[in-house]
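Residue numbers (full-length UniProt numbering): 1 to 546.
Cβ atoms here follow ideal geometry from the backbone N, Cα and C, with glycine treated the same way.
All values reported here derive from a predicted model rather than from experimental measurement.
These notes concern the structure reproduced below.
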């Protein structure tokens, strides 16, 4: 495999609205991010995935873009954005811009023009259909944010498609003029010196609308190859595509070495394992390690030589990692460290979501009025109208709602967690007095320093980057373990995914293995015996001696 500059990098995702507020208006901003670049440099990361900061009416917190080449006033100015790019680069940190090109805002000039008449040059930048025979929507496609996926335009008597909010009309990727406009915009961002793009719901741009085949349409990969050749493929940018529909076979199409498409994709198999097959994420299934292991192993194996995995436990759309896969209570610190070790010792590029490095947890607001996420609010109303109880919906939102990840970053124990001197746009998690960056920096054995060590190890040991993945103890119901191997180096990783003390019998061929313990969350282990006693959520990585 050809080595790339980003292979040993670690990505840190920033949700700007919730990261750091520099001017006291309660909303995080670009200057706030700049003020924390030294912190991120200390953590050791090399890439910042920046959720959208473009101009937007914020119907979906910036994923509804009204101008791709201007900055939302609440976040700052283009001059500040260019300063962020430059100051990050001085610290060997590149910016991944969040590219949202499946849809725009209904306030984008293209859509405003499209509404003027059926003959307007921008009309076919979007997807329009005549009403059904009864005057209703063209078909029964359902928006992912609730309600019909079609919105009626009274002036023209036609419907436009919106897979998400009614204020997020879908772009028509069958129109070559859309390609040209988007590619030109991407090239102008690349010229500013960004490191690449994270591509929002990129698997939807090749949609076959009338067949209601929204993901993985027949033209999808041709569109991405065209984009690659016209934009980021000319340089050495890194690209990651969000693809909720992706299978391992799809991922090889996206990220295969010879494909000329993307660097990697986000797939969500390990997340969806624990969603109810009918109610989706609003009714969780309990965590079950065997199926979790099977999914991780499937992806590690499938992309071993021809693709590249993105590794993540959480992001701005998902619950907090320690709340989902670990323990929020007595073993929060131990389980957060275990999850960090497990993630960073797999093959692929690790992503840290802001606050994950201090073990931030889900939030449990008491009333629906405290939530801000359009998906949660819309689906709450829709499901209640269908007969689902308030209690069940609140339970689902507490477990999997997107606002879990969007509460303000917890910097210290001062009012509002040091995030703002004003009133935060969404209430801070009340546990900020115990869980915050200042406390983590002051504690030598904190989750934060554990993450910093993992990031540094990745740059020091090629086996962590390029080593083959070989599962061990595959049938164990409580332990997830594997071996990484590169040339003569072998790294054994053992993770107890439970709050129980375990006696782990070591396979005969591994007994008496010894070497250097690169990282652990309890006492370091440098040797394996016939059996070992594992502490709750214990994990360690043992570099086997030659």
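- Message: Which of the three DSSP states is assigned to residue 36 in this structure?
- Response: One-based indexing of the chain shown puts residue 36 at position 36. Reduced to three states, the DSSP call for residue 36 is coil.
- Message: Using the Cβ count rule (16 or more neighbours within 10 Å means buried), how would you classify residue 488?
- Response: Here residue 488 corresponds to residue number 488 of the chain shown, with the count starting at 1. Exposed, since its Cβ has fewer than 16 Cβ neighbours within 10 Å.
- residue 518 and residue 492 look like a contact to me (Cβ under 8 Å); what is the Cβ gap, rounded to whole Å? Along the chain shown, read from residue 1 onward, the residue named residue 518 stands at position 518. Along the chain shown, read from residue 1 onward, the residue named residue 492 stands at position 492. At roughly 10 Å, the Cβ-Cβ gap does not stay under 8 Å, so residue 518 and residue 492 are not in contact.
- the segment 413-432 contacting the segment 18-31, beta-carbon criterion three pairs below 8 Å: The answer is yes - the segment 18-31 touches the segment 413-432, with three or more Cβ pairs under 8 Å.
- Message: Contact between the segment 50-57 and the segment 89-107 is defined here as three or more beta-carbon pairs at a separation below 8 Å; is this criterion met?
- Response: Yes, the segment 50-57 touches the segment 89-107.
- Query: Can you name the start and end residues of the beta strand (DSSP E) that residue 470 belongs to?
  - Reply: Within the chain shown, residue 470 is the residue found at index 470, counting from 1. Residue range 468-472 is occupied by the beta strand (DSSP E) that includes residue 470.
- Query: Within 10 angstroms of its Cβ, does residue 293 collect 16 or more other Cβ (buried), or is it exposed?
  - Reply: In the chain shown, counting from the first residue as 1, residue 293 sits at position 293. Residue 293 should be labelled buried.
- Could you check where the beta strand (DSSP E) with residue 97 kicks off and where it finishes? Within the chain shown, residue 97 is the residue found at index 97, counting from 1. It spans 94-99 - the beta strand (DSSP E) in which residue 97 sits, taken as one unbroken run.
- Anyone know if the C-beta pair for residue 481 and residue 494 falls short of 7 Å? Here residue 481 corresponds to residue number 481 of the chain shown, with the count starting at 1. Here residue 494 corresponds to residue number 494 of the chain shown, with the count starting at 1. Contact flag set, yes.
- Message: Quick check on the burial criterion: 16 or more other C-beta atoms within 10 angstroms. Buried or exposed for residue 281?
- Response: To locate residue 281, count along the chain shown from 1; it is residue 281. Buried, by the Cβ-count rule.
- What's the call for residue 503, buried or exposed, on a 16-neighbour Cβ count within 10 Å? Position 503 of the chain shown, counting from 1, holds the residue named residue 503. It is exposed - the Cβ of residue 503 has fewer than 16 other Cβ atoms within 10 Å.
- Query: Which residue comes first and which comes last in the beta strand (DSSP E) that contains residue 350?
  - Reply: Here the question's residue 350 lines up with position 350 in the chain shown. Note, residue 350: beta strand (DSSP E), 349-353.
- Message: Report the CB separation of residue 264 from residue 308 in whole angstroms; it is logged as a contact under 8 Å.
- Response: What you label residue 264 is simply residue 264 of the chain shown in a count that begins at 1. What you label residue 308 is simply residue 308 of the chain shown in a count that begins at 1. Their Cβ separation, rounded to whole angstroms, is 4 Å, which keeps residue 264 and residue 308 in contact under 8 Å.
- Message: Which of the three DSSP states is assigned to residue 213 in this structure?
- Response: Taking the chain shown and counting its residues from 1, one reaches residue 213 at position 213. Strand.
- residue 50 - partner residues in DSSP beta bridges: Here residue 50 refers to the residue found at position 50 when the chain shown is read from its first residue. DSSP lists 14, 97 as partners of residue 50.
- Kindly confirm or deny that the segment 350-362 and the segment 379-396 touch, where touching means at least three C-beta pairs closer than 8 Å. Note that the segment 350-362 does not touch the segment 379-396; fewer than 3 beta-carbon pairs, one per stretch, sit closer than 8 Å.
- Figure out for me which residue from 415, 236, 434, 523 has the closest Cα to the Cα of residue 3. In the chain shown, the residue the question calls residue 3 occupies position 3. Measuring from the Cα of residue 3, the nearest candidate turns out to be 236.
- Mind checking residue 299: buried by the 16 CB within 10 Å criterion, or exposed? Taking the chain shown and counting its residues from 1, one reaches residue 299 at position 299. Burial check for residue 299: the Cβ neighbour count within 10 Å reaches 16 or more, so the residue is buried.
- Message: Could you give the first and the last residue of the continuous alpha helix (DSSP H) run that contains residue 178?
- Response: Sequence index remark: in the chain shown, residue 178 carries index 178 (1-based). Residues 176-191.
- Query: Rounded C-beta distance between residue 102 and residue 201? I'm assuming under 8 Å.
  - Reply: Counting from 1 along the chain shown, the entry for residue 102 is found at position 102. Counting from 1 along the chain shown, the entry for residue 201 is found at position 201. At roughly 5 Å, the Cβ-Cβ gap stays under 8 Å, so residue 102 and residue 201 are in contact.
- 7 Å CB neighbourhood of residue 212 in its chain, flanking five on each side removed: Here residue 212 refers to the residue found at position 212 when the chain shown is read from its first residue. Annotation for residue 212: 139, 141 place their beta carbon closer than 7 Å to its own, counting only its chain and skipping 5 residues before and after.
- Message: Here's a check: name, in chain order, each residue in its chain whose Cβ is nearer than 8 Å to the Cβ of residue 194, leaving out the five neighbours to either side.
- Response: For the purposes of this step, residue 194 is identified with residue 194 of the chain shown, where counting begins at 1. 85, 94, 95, 96, 97, 237, listed in sequence order.
- Tell me whether the beta-carbon of residue 111 lies closer than 7 Å to the beta-carbon of residue 375. Translated into positions along the chain shown, residue 111 becomes position 111. Translated into positions along the chain shown, residue 375 becomes position 375. In this structure, residue 111 lies away from residue 375, with their beta-carbon atoms at least 7 Å apart.
- Collapsed DSSP secondary structure at residue 279 in the structure displayed: By 1-based counting over the chain shown, the position of residue 279 is 279. Residue 279 falls in the coil class under three-state DSSP.
- With a cut-off of 8 Å, do at least 3 Cβ pairs link the segment 361-368 to the segment 464-479? Fewer than three pairs of CB atoms, one per stretch, sit closer than 8 Å, so the segment 361-368 makes no contact with the segment 464-479.
- Which ranges does the alpha helix (DSSP H) cover as unbroken runs of at least 4 residues, wholly within the segment 76-134, from first to last along the chain? Here the runs fully enclosed are 78-90, 109-114.
- Query: Which residue's Cα is closest to the Cα of residue 245: 266, 227, 260?
  - Reply: As a first step, residue 245 is located in the chain shown; it is residue number 245 there, counting from the start. Checked all of 266, 227, 260; the closest Cα to residue 245 is 266.
- Task: Report, in whole angstroms, the separation of the C-beta atoms of residue 47 and residue 5, which I expect to be a contact under 8 Å.
- Result: The count along the chain shown starts at 1 and reaches residue 47 at position 47. The count along the chain shown starts at 1 and reaches residue 5 at position 5. At roughly 10 Å, the Cβ-Cβ gap does not stay under 8 Å, so residue 47 and residue 5 are not in contact.
- Query: So, does the CB of residue 51 fall closer than 7 Å to a CB anywhere in chain D?
  - Reply: No chain D is present in this structure, which holds just one protein chain.
- Query: Taking the C-alpha atoms as reference points, what is the distance between residue 42 and residue 335?
  - Reply: Counting from 1 along the chain shown, the entry for residue 42 is found at position 42. Counting from 1 along the chain shown, the entry for residue 335 is found at position 335. Rounded to whole angstroms, the separation of the alpha carbons of residue 335 and residue 42 is 23 Å.
- Check whether the segment 54-70 touches the segment 165-177, taking contact to mean three or more Cβ pairs, one atom from each stretch, closer than 8 Å. Here the segment 54-70 lies against the segment 165-177, with 3 or more beta-carbon pairs under 8 Å apart.
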